Each structure stands twice: as C-alpha cells, then as structure tokens.
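Trainee: Counting with my numbering, you get residues 1 to 317 for the letters of the sequence shown.
This is the structure I have questions about; it appears just below.
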Amino acid sequence: MLFRLASGQQNGVGDSMRHITTALIALGGACAAFFAMPAGPAKADLTPEEITEGRKYVVNNAIFILFHEGGHMLVSELGLPVLGREEDAVDGLSSVMLLESEDEELRAAMQDAADGWFLIDANNAQGVQEADFQGTHGLNKQRAYALVCMMSGKDPEYFKAFIDSLEFPQDRREECIAEYEQTRDSWWGVLDPYVDDTKTSNFTVSYEPAGDDLQYVEDMLKEGQVLEAISATFGEGYNIPDGIKVTAKTCGVINAFWDPAAREITFCYEFAAHHADLVSQYFEENRAPSSSDGEPQAQAEVKRGMVSALKAAASDP
Ligand SMILES: [Zn+2]
1 MLFRLASGQQ
11 NGVGDSMRHI
21 TTALIALGGA
31 CAAFFAMPAG
41 PAKADLTPEE
51 ITEGRKYVVN
61 NAIFILFHEG
71 GHMLVSELGL
81 PVLGREEDAV
91 DGLSSVMLLE
101 SEDEELRAAM
111 QDAADGWFLI
121 DANNAQGVQE
131 ADFQGTHGLN
141 KQRAYALVCM
151 MSGKDPEYFK
161 AFIDSLEFPQ
171 DRREECIAEY
181 EQTRDSWWGV
191 LDPYVDDTKT
201 SNFTVSYEPA
211 GDDLQYVEDM
221 LKEGQVLEAI
231 SATFGEGYNI
241 PDGIKVTAKT
251 CGVINAFWDP
261 AAREITFCYE
271 FAAHHADLVS
281 QYFEENRAPS
291 SSDGEPQAQA
301 EVKRGMVSAL
311 KAAASDP
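In structure tokens, the structure reads:
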C-alpha cells in the first residue's frame with residue numbers, strides 16, 4: 001500500500017515549458033524568467049540547474065499537499081477517528097507515506113515540503129495575525145518544523161545535514177523518534193482494517209485547462225504525474241468505493257481541498273504557481289550576495305534550510 005513513484009518521472013526539464021510572468025521558464029530552449037520583486041518588476045535569468053531544482057520543488061510541494069488531501073479523503077471516506085487536529089494528523093500521514101516509501105526522491109520531497117512552509121512563512125509580509133491562531137491549520141512555521149521532526153524521527157542520519165542546518169534542538173531530535181513511530185503506527189493501525197491488496201478503486205484524474213497564465217503549471221504537474229501518483233497510491237490496496245475524483249484546476253485561490261460531498265480532491269494551479277514564485281524569488285535573492293543596496297535580510301534559517309535541501313537534492317543522482 002505504500003506509495004511508489006517511478007524514478008525520474010518528476011525531474012525532467014521539459015522542453016515545452018513556456019510562460020512569461022513567473023519563474024521556471026524556458027523560452028525556446030533558452031532559460032529566462034521574470035520576477036515580481038518587492039521594489040517592482042525585475043527580470044532575471046534562471047540557470048538550468050535552478051530550473052531543474054525549481055521544478056522539482058514545485059512538483060514535490062504539490063505531492064506533499066496532495067497526500068495531505070488524500071489523508072482528508074481517507075478520514076472522510078473510511079470514517080476514521082481523528083484525535084487532535086485533523087490538519088496536523090493528515091500532515092503526519094503525508095509525511096509517513098513519503099518517508100516509509102524509502103525513496104530518495106520522496107525524501108527530497110519531504111525536504112522541499114518543509115522548505116515550502118518555511119518560504120511561505122518568510123514571505124508573509126504582514127506577519128502572523130490573530131486569524132492565523134484562530135484557523136484550522138497550525139502556523140506555517142509549525143507545520144514546517146513538524147515535517148522536520150518526522151524526518152528526524154524517521155532517519156536522523158540521512159537527514160542530518162538538513163536538520164543541522166535548521167539548528168533543530170537535540171532534545172527535540174530525541175523526542176521525534178518516538179513521535180514519528182507513534183504517527184506511523186497510529187496511521188497504520190487505523191488503516192489496517194481497510195487494507196485490501198486485491199482491491200483497486202477507480203479514481204478519475206483530470207487536469208482541467210489552466211488558461212494561459214497558468215499553462216506552465218499545468219504542464220509541470222502533468223509531466224510530474226502528480227495526480228496519477230495520488231490515484232495510484234490511494235486507489236490501490238485500500239477498500240475505498242469507486243468514483244473519487246482527483247482534479248487540478250484554476251480556482252481563483254491558492255489552495256487545495258477535499259470536498260466530501262463531491263468526493264473530490266482538488267489541487268489549484270495557483271498553489272503551484274505560488275510555490276514557483278517563492279522559489280524563484282529565493283533563487284534570485286540568494287544568487288548575488290548584495291550588489292548595491294541592502295538586500296540580504298530574508299530569514300536566515302529559511303535560507304539555510306533551502307540551501308541544504310538543494311545541496312542534498314543535487315548530490316542525489
Ligand atoms: Zn487540510
């Protein structure tokens with residue numbers, strides 16, 4: 001029942017990438033990108049390596065989020081008990097599935113997902129608001145560190161460079177070993193009655209036309225086969241009734257959600273575009289160590305986490 005994504009599926013730099021207003025773009029084989037910088041529009045080129053890493057980053061964050069939504073789907077479809085906040089619980093399921101796959105690329109996906117929440121936090125210009133405390137989700141940075149805890153608990157040696165780069169405290173590393181096991185065993189325990197290796201459920205996967213502005217995101221997600229990954233993972237081996245829909249579309253908001261009435265997981269193209277914007281901005285801000293004005297002030301821990309993730313990904317063949 002564990003997720004397996006064919007190696008290499010998600011890391012090709014396609015030659016069909018196109019688009020103008022955001023990053024991760026190749027024009028006619030040449031790499032070019034435009035960024036919306038805080039001071040106004042600016043243009044920058046992404047290196048081929050940055051495009052490769054950026055595409056992986058966007059796809060990996062989509063995978064993590066879709067596994068999270070898959071968790072909501074399981075809770076809803078199977079009537080699973082949830083002790084504590086469901087949003088935290090399904091982040092835990094997504095983490096366990098990615099980590100238990102023991103797949104190098106999915107381990108990299110965990111790092112990208114943690115960096116994803118760090119970058120979203122770092123780019124939240126107005127800071128944490130009362131509504132963030134009132135909301136259904138944990139704070140972005142809490143979600144990031146919860147993933148770090150899962151990685152640390154699963155394999156502290158493998159993720160050591162990443163975890164060290166975040167200065168994750170030693171006492172937490174020790175606690176996270178048991179926290180990871182508890183998360184994994186709890187999920188496996190509640191899912192166990194529904195595991196049926198002979199069962200295949202029919203899921204309907206669809207990438208709705210994104211429209212011009214987001215076409216590059218649709219292409220990226222299709223190439224990464226992210227919806228198919230969700231369908232293959234949850235559609236095989238669980239006793240789930242047929243008819244679950246897994247849809248990517250332009251929604252008008254940066255979001256992803258499970259709709260129990262429609263029995264549909266939706267991933268909004270805007271979410272991936274947001275990740276693309278953030279990682280492009282990250283590359284831009286971290287490339288030149290300040291040429292003229294006082295630029296370097298982005299959160300240091302974000303940079304360290306991201307840099308470490310990129311290094312780790314780069315050293316993995
Ligand atoms: Zn959720």
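Backbone N, C-alpha and C define an ideal beta-carbon position, used for all residues, glycine too.
Fair warning: this is a prediction, and the values are worked out from it, not measured in the lab.
(1) Just to confirm the assignment: which complete alpha helix (DSSP H) runs, minimum length 4, are found wholly within the region 203-261?
(2) Kindly indicate which residue of VAL58, GLY54, ALA62 and VAL82 has the alpha-carbon position closest to the one of SER186.
(3) Check whether the Cβ of GLU174 lies closer than 7 Å to any heavy atom of ligand 1, and answer yes or no.
(4) Spatial neighbours of ILE240 within its chain, please: C-beta separation below 6 Å, excluding the five flanking residues on both sides.
(5) Taking any heavy atom of ligand 1 as the mark, which residues have a C-beta closer than 6 Å to it, listed down the chain?
(6) Which one of ASP45, THR52, PRO48 and THR47 has the shortest CA to CA distance from GLU223?
(7) Look up THR198 in the DSSP assignment and say whether it is helix, strand or coil.
(8) Tell me which residue opens and which closes the alpha helix (DSSP H) that GLU87 is part of.
(9) Decide yes or no for the touch test of the region 259-268 against the region 57-76: beta carbon pairs closer than 8 Å, at least 3 of them.
(10) I'd like the list of long-range same chain contacts for ALA208, defined as Cβ closer than 6 Å, with 5 residues on each side in sequence excluded.
(11) Roughly how many whole angstroms lie between the Cα atoms of ARG107 and ARG263?
(12) What are the boundary residues of the beta strand (DSSP E) that THR266 is part of?
(13) Might you give, ordered along the chain, the residues of its own chain that have their beta carbon closer than 8 Å to the beta carbon of GLU228, omitting 5 neighbours on each side?
(14) Measuring only the C-alpha atoms, how far is LEU46 from ASN140?
(15) Please state the DSSP three-state secondary structure of PHE34.
(16) In this structure, does DSSP put ASN124 in helix, strand or coil?
(17) Contact check, ILE320 vs VAL253 under 8 Å by CB: the rounded distance?
(18) Does the region 98-117 come close enough to the region 126-133 that 3 or more CB-CB pairs lie under 8 Å?
(19) Can you give the Cα-Cα distance for PHE283 and GLU181, rounded to whole angstroms?
(20) Roughly how many angstroms lie between the CA atoms of TYR194 and THR233, to the nearest whole one?
(21) Which residue wins for smallest C-alpha separation from GLY189, given the options ARG85, SER165, VAL96 and GLU87?
(22) Please list the terminal residues of the continuous alpha helix (DSSP H) segment that includes THR52.
Mentor: Taking the definition as stated:
(1) 215-224 and 226-235
(2) VAL82
(3) no
(4) GLU77 and SER201
(5) HIS68, HIS72, GLU87 and VAL90
(6) THR52
(7) strand
(8) 86-100
(9) yes
(10) In the sequence under discussion, the amino acid at residue 208 is Glu, which differs from the Ala named in the question. So the qualifying residues of the chain are LYS249.
(11) 29 Å
(12) 264-268
(13) VAL205
(14) 27 Å
(15) For PHE34, the predicted structure reports a pLDDT of 25, less than 50, and the residue's modelled location is therefore unreliable. A value from the coordinates is still provided. Note: PHE34 maps to strand in three-state DSSP.
(16) coil
(17) This structure cannot settle anything about residue 320, because the visible part of the chain is limited to 1 through 317.
(18) no
(19) 35 Å
(20) 14 Å
(21) VAL96
(22) 48-78
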